[in-house]
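Novice: Protein chains in written order, with UniProt numbering: chain A, 1 to 258; chain B, 1 to 258.
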DNA sequence: AAGTGGTCTAGACCACTGT
DNA sequence: CAGTGGTCTAGACCACTTG
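#1: Closer than 8 Å between beta carbons: that is the criterion. Which residues of the stretch 179-203 of chain B meet it against chain A?
#2: Going by DSSP, name the residue or residues bridged to residue 255 of chain B.
#3: Spatial neighbours of residue 54 of chain B within its chain, please: C-beta separation below 8 Å, excluding the five flanking residues on both sides.
#4: Please report the distance separating the alpha-carbon of residue 91 of chain A from that of residue 102 of chain A.
#5: Here's the rule I'm using: 16 or more other beta-carbon atoms within 10 Å means buried, otherwise exposed. How should residue 139 of chain B be labelled?
#6: Taking Cβ positions, are residue 75 of chain A and residue 31 of chain A nearer each other than 8 Å?
#7: Is any heavy atom in the ligand FMN found nearer than 7 Å to the beta carbon of residue 207 of chain B?
#8: Pairs of beta-carbons, one from the stretch 214-230 of chain B and one from the stretch 180-187 of chain A, closer than 8 Å: are there three or more?
#9: How about residue 127 of chain A: is its C-beta nearer than 8 Å to some C-beta of chain B?
#10: Report the neighbours of residue 63 of chain A on chain B: residues whose CB is nearer than 7 Å to its CB, in chain order.
#11: By the criterion of Cβ-Cβ separation under 7 Å, what are the contact partners of residue 238 of chain A in chain B?
#12: Where do the ends of the beta strand (DSSP E) carrying residue 76 of chain A lie?
#13: Going along chain A, which residues have a C-beta under 9 Å from residue 255 of chain B?
#14: Measuring only between beta-carbons, confirm whether residue 104 of chain B sits less than 8 Å from chain A.
#15: At what residue ranges does the stretch 72-151 of chain B contain a whole run of the beta strand (DSSP E), taking only runs of 3 or more?
#16: Any beta-carbon of chain B closer than 8 Å to the one on residue 287 of chain A?
#17: Using C-beta distances below 7 Å, list every residue in its chain close to residue 202 of chain B, excluding the 5 sequence neighbours before and after it, in chain order.
#18: Determine whether the beta carbon atoms of residue 68 of chain B and residue 217 of chain B lie at a separation below 8 Å.
#19: Please report the residue range of the beta strand (DSSP E) in which residue 70 of chain B lies.
#20: Using 8 Å as the threshold, is the stretch 229-241 of chain A in touch with the stretch 207-217 of chain A, meaning 3 or more CB pairs across them?
#21: DSSP three-state label for residue 6 of chain B, please.
#22: Would residue 166 of chain B pass as an interface residue toward chain A - the criterion being a Cβ-Cβ separation below 8 Å?
#23: Where do the N-terminal and C-terminal ends of the alpha helix (DSSP H) with residue 157 of chain B fall, by residue?
#24: Based on the DSSP secondary-structure assignment, which residues constitute the bridge partners of residue 249 of chain A?
#25: Nearest CA to the CA of residue 196 of chain B: which residue from A:179, A:133, A:254, A:193?
#26: Helix or strand or just coil, what does DSSP make of residue 32 of chain B?
#27: Against residue 223 of chain A, what residues of chain B qualify as contacts under a CB-to-CB distance less than 9 Å, listed in chain order?
#28: Pull up the distance between the alpha-carbon of residue 9 of chain A and that of residue 204 of chain B, whole angstroms please.
#29: Within its chain, find whatever has a CB closer than 7 Å to the CB of residue 79 of chain B; leave out the 5 residues flanking it on each side and keep chain order.
#30: If you measure between the beta carbons of residue 261 of chain B and residue 50 of chain B, is that distance less than 8 Å?
#31: Which class does residue 171 of chain B belong to by DSSP, given the choice of helix, strand or coil?
#32: Write down every uninterrupted run of the beta strand (DSSP E) in the stretch 205-239 of chain B whose length is 3 residues or greater and which is fully enclosed by it, in chain order.
#33: Are residue 248 of chain A and residue 156 of chain A touching if we call contact CB-CB under 8 Å?
#34: Answer with yes or no whether the minimum CB distance from residue 249 of chain A to chain B is below 8 Å.
#35: By DSSP, does residue 11 of chain A sit in helix, in strand, or in coil?
#36: If you compare alpha carbons, which of B:177, B:176, B:213, B:133 is closest to residue 199 of chain B?
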């Protein structure tokens, strides 16, 4: 690939000139996804600057999510994540009847290989915002189901479900394996007719912990979706708090006009 | 405020220990929004480390969007933007009947002072993804309405609407001022009955241009919402491409279960 | 063993902000 | 002016990956 030089009379500081040149090379397609950038040593030599200067240039591209550094290997142009489109019909009954939880049904449709790991089930007191959404009495216990979803072995989402113990107790919901159709199928078997869901969507930068669990590069935001499931009588049955790697998702919602 | 020390036997490198301690102080409320962090010189003294080490710690908090550095003044805990909750009923007819466009109606509800500026109206050929969503014939022209929304004088959202010229021509939609109830009121007056909307939601880091128009700090992601309006016959009438400062918004959607 | 990026030190000069 | 953060230099040692 072709690199320029740093111009000390330029308004931009050297590290930004270097960052701009590398960014341009990526956008021209001279560096393609998966390609390794020139090593720090090469850039130091080429531009005649100190190491911190080229590191700062690379840092800028990392914050933008354009490149990923791999210790001992090099810095690589980011592979765009395969996008998963979540349509608002993904919780329809017919998917549960087919014996599939929402994530699995959705994965099938987009042709990726789904996997679930890091499943943990506990019984405890919920955080305040969950207690409010579930309209729980003080100190009322809940079942907490935590898990991580992977598509083609890349982690894409973490999810934590909260259900009042009085509703979930005695069902497979308190087991690690909930059986065909997932939580919602078990709720309906137990006589709770699902009425509607409310999803609250926000975006933010991940915590250090989330960055680790979702294997996120620097500068990659997350979509936070908090879904509350209500029965036909308007009573909340479940709160599901999910954190998704933002570049991997498009959420689609249908809104009636009247 | 109370600062700890760096422990060289700790698994975490010093810069991360310092970042963790500052982050904890913010979360404990010991450092409140608007407060200045201890200066680099103070931190260097206190922890007995080199300057680059404390800068790396602060860099981590900046990437997380928790603090903002101001050259010559200091590093400050980020002021959380007032959150605007967008409910899925915000496009209901009754708001238009009340003579208010969606943004104004919504602002009233959350008690902020709304403003719209940078309004530009042009006629041109749309980008490919818009042409697809509007099911346009090749080279079919559209009206493009671009504007910026502010809440309490802080920019929170930019929006670009595209409408087929054959639909918008001869209405106030092609004027800078669309009149009471906004675009959708004018469409209904022209005999187009609104049926439903589809919103596609993604999140990403802003471009340099978006960061400037929305006056975003480093490390603040944006929510991108692309809304397509359909008439009762399922024909697309409008595509609206919005970019929102992520921390300022919660999007709320209602999803039927059957 | 050689090459890569990760972390750190101890300085330097500069630009911006406030008094 | 002093105090702040922004940029840069020239080294050092370490941890990880690959051959």
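Don't be surprised by glycine CBs; every beta carbon is placed ideally from N, CA and C. In this text the structure is predicted, and so the values were computed from the model without any measurement.
Specialist: The answer reads as follows:
#1: 194, 195, 196, 197, 198, 199, 200, 201, 202, 203
#2: By 1-based counting over the second chain, the position of residue 255 of chain B is 255. Answer is A:197.
#3: Counting from one through the second chain, the residue named residue 54 of chain B turns up at place 54. So the qualifying residues of the chain are 15, 18, 40, 43, 44, 47.
#4: Start at 1 with the first residue of the first chain, and residue 91 of chain A comes out as number 91. Start at 1 with the first residue of the first chain, and residue 102 of chain A comes out as number 102. Cα-Cα distance, rounded: 6 Å.
#5: Position 139 of the second chain holds residue 139 of chain B. Classified as exposed, residue 139 of chain B has fewer than 16 neighbouring CB atoms from the shown chains inside 10 Å of its CB.
#6: As a working note, residue 75 of chain A is residue 75 in the first chain. As a working note, residue 31 of chain A is residue 31 in the first chain. Not in contact: residue 75 of chain A and residue 31 of chain A (Cβ atoms no closer than 8 Å).
#7: Judged by which ligands are present, the structure shown has none, so any question about the ligand FMN falls away.
#8: no
#9: Translated into the one-based positions of the first chain, residue 127 of chain A becomes position 127. False, the Cβ-Cβ gap to chain B never drops below 8 Å.
#10: On the first chain, position 63 is the one that residue 63 of chain A refers to. Those within 7 Å of residue 63 of chain A in chain B are 63.
#11: Your numbering for residue 238 of chain A matches position 238 in the first chain. Result: empty, since nearest Cβ-Cβ is about 12 Å, beyond 7 Å.
#12: As a first step, residue 76 of chain A is located in the first chain; it is residue number 76 there, counting from the start. For residue 76 of chain A, the enclosing beta strand (DSSP E) starts and ends at 74-77.
#13: One-based indexing of the second chain puts residue 255 of chain B at position 255. By Cβ distance, chain A contributes 88, 89, 90, 91, 196, 197, 198, 199, 227, 253, 254.
#14: Numbered from its first residue, the second chain carries residue 104 of chain B at position 104. Answer no: the Cβ-Cβ gap between residue 104 of chain B and chain A never drops below 8 Å.
#15: If you keep only unbroken beta strand (DSSP E) runs of at least 3 residues inside the stretch 72-151 of chain B, you get 74-77, 84-86, 114-124, 142-151.
#16: Residue 287 of chain A falls outside the range modelled here, since chain A spans only 1 to 258, and no answer is possible.
#17: What you label residue 202 of chain B is simply residue 202 of the second chain in a count that begins at 1. Excluding sequence neighbours, residue 202 of chain B sits near 224.
#18: What you label residue 68 of chain B is simply residue 68 of the second chain in a count that begins at 1. What you label residue 217 of chain B is simply residue 217 of the second chain in a count that begins at 1. Yes, the pair counts as a contact, with Cβ atoms nearer than the cut-off.
#19: By one-based count along the second chain, residue 70 of chain B stands at place 70. Looking at the DSSP string, the run of the beta strand (DSSP E) that includes residue 70 of chain B is 67-70.
#20: no
#21: Taking the first residue of the second chain as 1, we reach residue 6 of chain B at position 6. Secondary structure of residue 6 of chain B (DSSP, three-state): coil.
#22: The residue you call residue 166 of chain B lines up with position 166 of the second chain. No, residue 166 of chain B lies away from the interface with chain A (no Cβ there is under 8 Å from its Cβ).
#23: Counted from its first residue, the second chain places residue 157 of chain B at position 157. Segment 154-164 is the beta strand (DSSP E) holding residue 157 of chain B; no alpha helix (DSSP H) there.
#24: Here residue 249 of chain A corresponds to residue number 249 of the first chain, with the count starting at 1. Bridge partners of residue 249 of chain A: A:84.
#25: Walking along the second chain from the start, residue 196 of chain B turns up at place 196. Among A:179, A:133, A:254, A:193, the Cα nearest to that of residue 196 of chain B belongs to A:254.
#26: One-based indexing of the second chain puts residue 32 of chain B at position 32. Reduced to three states, the DSSP call for residue 32 of chain B is coil.
#27: In the first chain, residue 223 of chain A corresponds to position 223, counting from 1. Those within 9 Å of residue 223 of chain A in chain B are 201, 202, 203, 223.
#28: Reading the first chain from its first residue, position 9 is the one you call residue 9 of chain A. Reading the second chain from its first residue, position 204 is the one you call residue 204 of chain B. So the alpha carbons of these two residues sit roughly 34 Å apart.
#29: Stepping through the second chain from its first residue, residue 79 of chain B is reached at position 79. Cβ within range, chain order: 33, 34.
#30: In the structure as shown, chain B begins at 1 and stops at 258. Residue 261 of chain B is therefore absent and cannot be evaluated.
#31: The residue you call residue 171 of chain B lines up with position 171 of the second chain. Note: residue 171 of chain B maps to coil in three-state DSSP.
#32: 222-231
#33: By one-based count along the first chain, residue 248 of chain A stands at place 248. By one-based count along the first chain, residue 156 of chain A stands at place 156. Contact: yes.
#34: Position 249 of the first chain, counted from the start, is the residue given in the question as residue 249 of chain A. Taking Cβ atoms only, chain B reaches closer than 8 Å to residue 249 of chain A, which makes this a yes.
#35: One-based indexing of the first chain puts residue 11 of chain A at position 11. Three-state DSSP puts residue 11 of chain A in coil, outside helix and strand.
#36: Here residue 199 of chain B is taken as the residue at index 199 of the second chain, counted from 1. Closest by alpha carbon: B:133.
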